[in-house]
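Note sheet for the following structure.
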Amino acid sequence: MTNPNNISLNISHALKFIDSHALDIPTLTILGDNGEILEGATAPDIDKDTAINLYSTMRFIRLLDERMQAAQRQGRVSFYMQCLGEEAAITASAAALKPEDMIMAQYREQAALAYRGFTLEQFMNQLFSNEKDLGKGRQMPVHYGSNELYYLTISSPLGTQIPQATGYAYGQKLKHIDPATGELNSEIDNLTICYFGEGAASEGDFHAGLNMAAVHEAPVLFFARNNGYAISTPADEQFKGDGIASRGVGYGIKTIRVDGGDALAVFAATQAARKMAVENGEPVLIESIAYRLGAHSTSDDPSGYRSKEEEAEFKGNCPIERFKKWLLKQGWLNEQEDEAEKDKIREDILAALKIAEKVQKPALEELVSDVYDQPIPALAKQYEELKEHIKQHPEAYPVTAGRIK
Amino acid sequence: MTNPNNISLNISHALKFIDSHALDIPTLTILGDNGEILEGATAPDIDKDTAINLYSTMRFIRLLDERMQAAQRQGRVSFYMQCLGEEAAITASAAALKPEDMIMAQYREQAALAYRGFTLEQFMNQLFSNEKDLGKGRQMPVHYGSNELYYLTISSPLGTQIPQATGYAYGQKLKHIDPATGELNSEIDNLTICYFGEGAASEGDFHAGLNMAAVHEAPVLFFARNNGYAISTPADEQFKGDGIASRGVGYGIKTIRVDGGDALAVFAATQAARKMAVENGEPVLIESIAYRLGAHSTSDDPSGYRSKEEEAEFKGNCPIERFKKWLLKQGWLNEQEDEAEKDKIREDILAALKIAEKVQKPALEELVSDVYDQPIPALAKQYEELKEHIKQHPEAYPVTAGRIK
Amino acid sequence: MAKMNMLHAINSALDITMAENNQACIFGEDVGHFGGVFRATSGLQEKYGKHRVFNTPLTEQGILGFANGLAAFGAPALAEIQFADYIFPAFDQIVNESAKFRYRSGNEFDVGNLTIRTPYGGGIAGGLYHSQSPEAYFAHTPGLKLVVPRNPHQAKGLLRACIKDDNPVIFFEPKRLYRASIGDVPEEDYTIEIGKAEVVKEGSDVTLLAWGAQMEIIEQAAEKAQEAGVSCEIIDLRSILPWDVDTIAKSVIKTGRLIISHEAPITNGFGAEIAATIQEACFLHLESPIMRVCGLDTPYPLALEKEYVPDALKVFAAIKKSVEF
Amino acid sequence: MAKMNMLHAINSALDITMAENNQACIFGEDVGHFGGVFRATSGLQEKYGKHRVFNTPLTEQGILGFANGLAAFGAPALAEIQFADYIFPAFDQIVNESAKFRYRSGNEFDVGNLTIRTPYGGGIAGGLYHSQSPEAYFAHTPGLKLVVPRNPHQAKGLLRACIKDDNPVIFFEPKRLYRASIGDVPEEDYTIEIGKAEVVKEGSDVTLLAWGAQMEIIEQAAEKAQEAGVSCEIIDLRSILPWDVDTIAKSVIKTGRLIISHEAPITNGFGAEIAATIQEACFLHLESPIMRVCGLDTPYPLALEKEYVPDALKVFAAIKKSVEF
Ligand SMILES: Cc1ncc(C[n+]2csc(CCOP(=O)(O)OP(=O)(O)O)c2C)c(N)n1
Ligand SMILES: Cc1ncc(C[n+]2csc(CCOP(=O)(O)OP(=O)(O)O)c2C)c(N)n1
Ligand SMILES: [Mg+2]
Ligand SMILES: [Mg+2]
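Chains as they are written, first to last, in the numbering used here: chain A, 1 to 405; chain B, 1001 to 1405; chain C, 2001 to 2325; chain D, 3001 to 3325.
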């Protein structure tokens, strides 16, 4: 487009509106319900190790989610969020990346972090806000983050990570730009994947992030998790377009929709998208379709807003089972061993939980550290006064009083 | 779409991305450069009175713009913005509305206000921030507004009027909804038209406004003025999609692109869009393509960012001339009378300017009125203190000192 | 009279509003069928229809943009922001638009019909983003009114007054008290005047000033002080904008001492404005410096919330410091 | 040394930054080829390339979102917001994101590389939306630093310090002075420490405190006071967050009187924080109440701008009131 208005030049004399659903957007599906590759579909290029890692991660997350959901009901953690039904979408997309690709997630993507190697102990430390939590016990449970694993710490305000992903990815691209020509001079080493829900995609930050990525050609994979609900709000009260995918063309971004319950489809799409993004320096939009099988969070009760019938309809769609069947067909998995491992993992989880809940809370100084790189004078003074106050009333502040220096 | 994810159900097994420019968006053109109806096009249903009003408004605005641009250079007003090149887009769209339809504009749409009957005196009073300005001299020149004429007072922050238009239009629709069924029970009396530039369309408020209008079925005509520039920023540094029109489908909004230099095309599209909107209770997106022939504002000098050649290329495209030729062909206009009227208007404008610039500034009380419906105590006290202060130093505040009660 | 918790009181105020004006609309994230994540709008969609009580897409700037437009049209626009921590994407629509709508248009247009409700404050193990008290961010904005109730009775009467008030108002609801605070509330309609502080308990030695959920804390501190022989006058500011300088000044002239307590970080919190104004208004009457017992200048923490908050012990320590000055 | 106006000084600071780190990027509306609407970034795209100095789409929330991401990546992110009046759409990205990035992650991530430049203030016939001084809106936010220069020399040295500082900083540029203020500025690199106020002129009777363009005004008022036999100590706060309590308190202990002046509306402006803190720090030394001479509690007007602003006459009136108290 080389006209000042930056539009396609295509004159018409007939008064005709473009239909509100002019795009016909298919959903890529590769894997059948019984683990078979569907007719006409091609399995992606995935090796056994990757496939097994992918599977183990999904299995682990399911078990972790089950256990922590229960722990919340027992009052052992204050809050939890499961990724029930979206394990394949998250894990398979993460598996299609390089380990140093940046992950900017919303909150329901613990599987991506697990795939990267976040340990069970690390998960537990965060969930129990103890002094070993990398986040120093400051944020609610599930707000994980790890610099080492290129997983940006979760931030509750929705959508904020979307333009941030664009900026981060632009930074990743910078060194590959030839200063003389302004063009890419090599394939980009690492990109950023940005996960968000179909609800968060209504935020203004979504618009800004995608448009800027297109204009500045930032290598971001925008991964929209359309799971049908934003807390109680169903997708048809969230948007009237054809999913989130229909927005790609408005930004001039290549787009694909995948069956989020199909690990192979997600893997294939993400792998292909990554290739385009790092080779051309461009964003890609991926919409994953899955159903949020669980509650929004432990604070939520879906029976207030959706029917048992609807839930039942999707209950059977287990993305982990579906992928497992394929692995079995491939001969890459032994069912008995798998069951045995599950028991072992359950035990490990409970053991880790019991340890983490006993680790003490962060020390008082962590209340004021990291606000700035160095405490500013006003805060340093407040801290000194607080220490004095606690020393005078140790009984009222049992968590920190004993450890004040 | 009756699935929880609110998407089209359309399975595919081939890994294929939707192209970043998958929509082929035509530009509706009806009127040729010589005032002829183009082959294959149909002239809209426009009566002589409307056509003449449309023409006179464009002619008036061109003369006003010329005069006020010059007045700014002479230092008589502090600031001005012309709508050079976009007169047809604005006037013809306004002409296709009902007088009580709400207009929410950006700032370059003075022609719509003139079409509604805002008087020359009213324009001048605003431009000179005098005590007769409906806006009480509080905002910069060109920030017009009139409750009587259903023209919302201009607000400088860009894009803010877009979701506001959705809310206002929702209000207009409310009384037409059957409380029992939740469905429309009659044609909506009045809708809202919302004008904005292709630059403002990058704001998060754009995304919110269009998506909410689609979801809540608000009768808004979103009128995107794609004039190629946002101050110095060319459209290709603003977006990578196919204009603004390509975004409609992402919101599930019916969309049309029109040649903004073609008054008949704009009129026809707006008329048809209005009909759909009030009958169905739904928003419509109209993208007008024109070139910003003048500077952004009197504070701007385009020679710093675009070439003389480019400007020259578009200089000839005068939407007023083009429409005039059609009127002449219709036998609805007499060229000599037209020229004579122009001279008369020029004189009127200069006379009105000379009067308005001598009208005194608003009285001191207008500094504190309208912050709230009634001044709150703190402000009332500040006002009393200010009055005392000014009374003690009348020489320092000559504009208000003589009139303090 | 009925026993109600604060959520019921708010629901009742909304119900009355919806019944009295058939243009009134309630909207926000999850406020429709579900009744809001705290259930403040429970049952209202069933009663008044989906066109008047509805979920919005997830966009706070959109909610406020829509609300401004609807209010400008002339319909009572009752917008909910799910948590006050998420009000910032709407900051431009509130501070540059709602607040300036009437002034900039010379009263041609206004959004006096706008009321924003939002749960604020800590004490629910919410960490950085479910605990903030952002009233001071708005207090610097001429054109807005800001109100905070301390109990169910106040909540209903003040919310009704906010809705009837012909200016845009933000109504901050202390979410920690939603279910915890229960009291007698008339079932019928009533209003409590905006802009007036209330002397909740008279006293002679120190004036304690707070609002919302923090009222409980200063009341506890006053009890401790009582035991120590110090008589506290307790005032609920109720309205942050406009605020009742006269009532506070009158009290401070009597007691000679003022302690302000709020949950938000101390620096440039609304306590700063109160201290600045009162030191000027009561200069010759102050027997000790005005003190502020507030949140620390850090984001709101989780594990160390107890240490962070301005609790009754800290307020009591300030009382002692003030009388011993 | 060279004579520079403030725009040149800022341009020079940016130039040095771009030369020193080839990852540094400048971006914002119209900052590319055009050099920004005030031309602060003039010539930099030509020098450093379109990939490092570029126009963004028209979205302030996007600019700051992008900036947070780029800074988190590790590149110096130099974002411009065209007018401070238009910073509010980015409020969430700044207040909930930039400010809390390091804290919430336990220092796993930070945006210390972020610097936001934005022209602020009145005096240019800009009315409501080209005149605001929004520093106080940010001053309530732990995690941010806020800096305001008063002249070209300060502008360059402070901006370089902001850029080098490992925290997100907003640098408010007094646009009225962009071309009006001219002075000697070293061509080479230098920094001026953030967080330190400067005693610009010593005096004995009253302390006058301001920042940015308002410094000129209090200097004029001090001259009038001088003629009337009152000796003013003049202090430039320079840094709003963190702010230099010690320097102010020391001066007030000496003079016994403090007058703060800022352009922004008085209620909950940063003057409130200063007054609140200083009345406590200097309680026994104050001979008259701390006074604030500020903008009225209205949106910024156009025709009556002269009446609205805290001019030298108003500051002088306060000086008289203070010494005569
Ligand atoms: C800015 C903001 N507004 C509101 C919320 C409250 N909130 C948390 S999650 C959520 C729903 C998100 O839905 P979606 O994006 O679809 O993600 P999902 O939970 O389905 O994975 C809401 C409204 C928030 N965290 N941030
Ligand atoms: C929120 C906001 N950001 C920035 C500006 C400054 N500004 C005024 S006009 C303008 C360009 C607008 O371009 P466009 O929307 O294309 O409208 P046009 O001027 O071309 O009619 C800018 C950046 C503003 N007024 N508001
Ligand atoms: Mg969802
Ligand atoms: Mg434009």
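Beta carbons are placed, not taken as given, at the ideal position from N, Cα and C, and that holds for glycine. Every value quoted in this text rests on a predicted model; they were computed, and no experiment measured them.
Return no unless some Cβ of chain D is closer than 8 angstroms to the Cβ of serine 155(A).
-> At least one chain D Cβ lies under 8 angstroms of serine 155(A).
Heavy atoms of ligand 4 versus C-beta positions, residues under 7 angstroms = This criterion selects Gly1197(B), Glu1198(B), Gly1199(B), Arg1225(B), Asn1226(B), Asn1227(B), Gly1228(B), Tyr1229(B), Ala1230(B), Arg1292(B).
When Asn1053(B), Ala1363(B), Pro1394(B), Asp1033(B) are compared against alanine 1094(B), the one with the closest alpha-carbon | It is Asn1053(B) whose Cα lies nearest to the Cα of alanine 1094(B).
Can you grab the Cα-Cα spacing for the pair leucine 184(A) / glycine 40(A), in whole Å?
-> The straight-line gap separating the alpha-carbon atoms of leucine 184(A) and glycine 40(A) is approximately 36 angstroms.
Mind checking if arginine 1247(B) is an interface residue toward chain A, Cβ cutoff 8 angstroms exclusive?
-> Cβ-Cβ to chain A under 8 angstroms: yes for arginine 1247(B).
Valine 2185(C) versus leucine 2158(C) - alpha carbon distance = Taking the straight line joining both Cα atoms gives about 12 angstroms.
Do we get a CB-CB distance below 8 angstroms when we pair leucine 152(A) with the residues of chain D?
-> So, interface residue.
Only counting runs of 3 or more residues, tell me where the beta strand (DSSP E) segments fall wholly within the stretch 342–391 of chain A, in order along the chain.
-> The stretch 342–391 of chain A contains no whole beta strand (DSSP E) run of 3 or more residues.
By the criterion of Cβ-Cβ separation under 7 angstroms, what are the contact partners of lysine 136(A) in chain D?
-> Residues of chain D passing the Cβ test: Gly3106.
Given that asparagine 2268(C) touches chain D, what residues does it touch there, using C-beta distances under 8 angstroms?
-> Near asparagine 2268(C) (Cβ distances below 8 angstroms), the residues of chain D are Ala3136, Ala3139, His3140, Asn3268, Phe3270, Ala3272, Glu3273.
Determine, using beta carbons only, whether proline 3057(D) comes closer than 8 angstroms to chain A.
-> Under the Cβ distance rule, proline 3057(D) counts among the residues neighbouring chain A, one pair being separated by less than 8 angstroms.
Which residues in chain D sit within 7 angstroms of valine 371(A), going by Cβ to Cβ distance?
-> Neighbours of valine 371(A) across chain D, judged by C-beta separation under 7 angstroms: Tyr3103, Pro3142, Gly3143.
With 8 angstroms as the limit, tell me which residues of the stretch 1210–1225 of chain B have their beta carbon closer than that to any beta carbon of chain A; keep them in chain order.
-> Flagged, chain order: Asn1211, Ala1214, Val1215.
Short CB-CB distance (under 8 angstroms) between asparagine 1317(B) and chain A = Not a single C-beta of chain A is nearer than 8 angstroms to the C-beta of asparagine 1317(B).
Taking the CB atoms as reference points, tell me whether glycine 281(A) and lysine 173(A) lie closer together than 8 angstroms.
-> Yes.
Using a threshold of 8 angstroms, state whether the C-beta atoms of glutamate 3263(D) and serine 3181(D) are closer than that.
-> No, Cβ-Cβ distance for glutamate 3263(D) and serine 3181(D) is not below 8 angstroms.
Which chain B residues sit within Cβ distance under 7 angstroms of aspartate 2166(C)?
-> Contact annotation for aspartate 2166(C) against chain B: Asp1373 [CB-CB distance below 7 angstroms, chain order].
Give a yes or no on whether the C-beta atoms belonging to serine 1299(B) and leucine 3302(D) are separated by under 8 angstroms.
-> No, they are not a contact pair.
Can the beta-carbon of arginine 1274(B) be found closer than 8 angstroms to that of leucine 1097(B)?
-> Yes, they are a contact pair.
Assigned exposure category for serine 307(A) - 16 Cβ within 10 Å defines buried | With fewer than 16 Cβ atoms within 10 Å of its Cβ, serine 307(A) is classed as exposed.
Any chance the CB of arginine 3052(D) is under 7 angstroms from a heavy atom of ligand 1?
-> For ligand 1, not one heavy atom lies less than 7 angstroms from the Cβ of arginine 3052(D).
Which ranges does the alpha helix (DSSP H) cover as unbroken runs of at least 4 residues, wholly within the stretch 2120–2183 of chain C, from first to last along the chain?
-> Here the runs fully enclosed are 2135–2139, 2152–2164.
Beta bridge counterpart(s) of glutamate 287(A) as assigned by DSSP = Beta-bridge analysis with DSSP links glutamate 287(A) to Ala224(A), Arg257(A).
Would you say isoleucine 30(A) reaches chain G, if we count a Cβ-Cβ gap shorter than 8 angstroms as a contact?
-> Chain labels in this structure do not include chain G; the protein chains are A, B, C and D.
What are the boundary residues of the beta strand (DSSP E) that tyrosine 115(A) is part of?
-> Run containing tyrosine 115(A): none in the beta strand (DSSP E); it sits in the alpha helix (DSSP H), 110–116.
Starting from serine 2239(C), follow the beta strand (DSSP E) in both directions and report where the run begins and ends.
-> From DSSP, the beta strand (DSSP E) with serine 2239(C) extends over 2239–2241.
Would you mind telling me which residues of chain B sit closer than 8 angstroms to alanine 2067(C), beta carbon to beta carbon, in chain order?
-> Within 8 angstroms Cβ-Cβ: Gly1167.
Just how far apart, CA to CA, sit tyrosine 2137(C) and glutamate 2273(C)?
-> Going from the Cα of tyrosine 2137(C) to the Cα of glutamate 2273(C) covers about 12 angstroms.
Opening and closing residue of the beta strand (DSSP E) in which alanine 2201(C) lies = Note that residue 2201(C) is lysine in the sequence shown here, rather than alanine. Start and end: 2198–2201.
Could you tell me whether the Cβ of glycine 40(A) comes closer than 8 angstroms to any Cβ of chain B?
-> It does; some Cβ of chain B falls within 8 angstroms.
Assuming arginine 3238(D) and serine 3322(D) form a contact by the criterion Cβ under 8 angstroms, report the distance between their Cβ atoms to the nearest whole angstrom.
-> Separation of the CB atoms of arginine 3238(D) and serine 3322(D) is rounded to 23 angstroms, and the pair is thereby denied contact status at 8 angstroms.
Spatial neighbours of valine 1278(B) within its chain, please: CB distance less than 7 angstroms, with the 5 preceding and 5 following residues excluded, ordered by chain position.
-> For valine 1278(B), where only same-chain residues beyond five positions count, the Cβ hits under 7 angstroms are Glu1187, Ile1188, Leu1191, Pro1219.
What's the gap between the Cα of tyrosine 3048(D) and the Cα of asparagine 1125(B)?
-> If you take the alpha carbons of tyrosine 3048(D) and asparagine 1125(B), they lie about 47 angstroms apart.
Give me the Cα-Cα distance between isoleucine 3026(D) and isoleucine 3081(D), rounded to the nearest whole angstrom.
-> The C-alpha of isoleucine 3026(D) lies about 11 angstroms from the C-alpha of isoleucine 3081(D).
Could you name the residues of chain C that isoleucine 244(A) contacts, counting a contact when the two beta carbons are closer than 7 angstroms?
-> In chain order: nothing, as chain C lies at least about 12 angstroms away.
Selected residue, minimal CA-CA separation from asparagine 1147(B), among Ala2139(C), Gly2074(C), Glu2173(C) = Ranking Ala2139(C), Gly2074(C), Glu2173(C) by CA distance to the CA of asparagine 1147(B) puts Gly2074(C) first.
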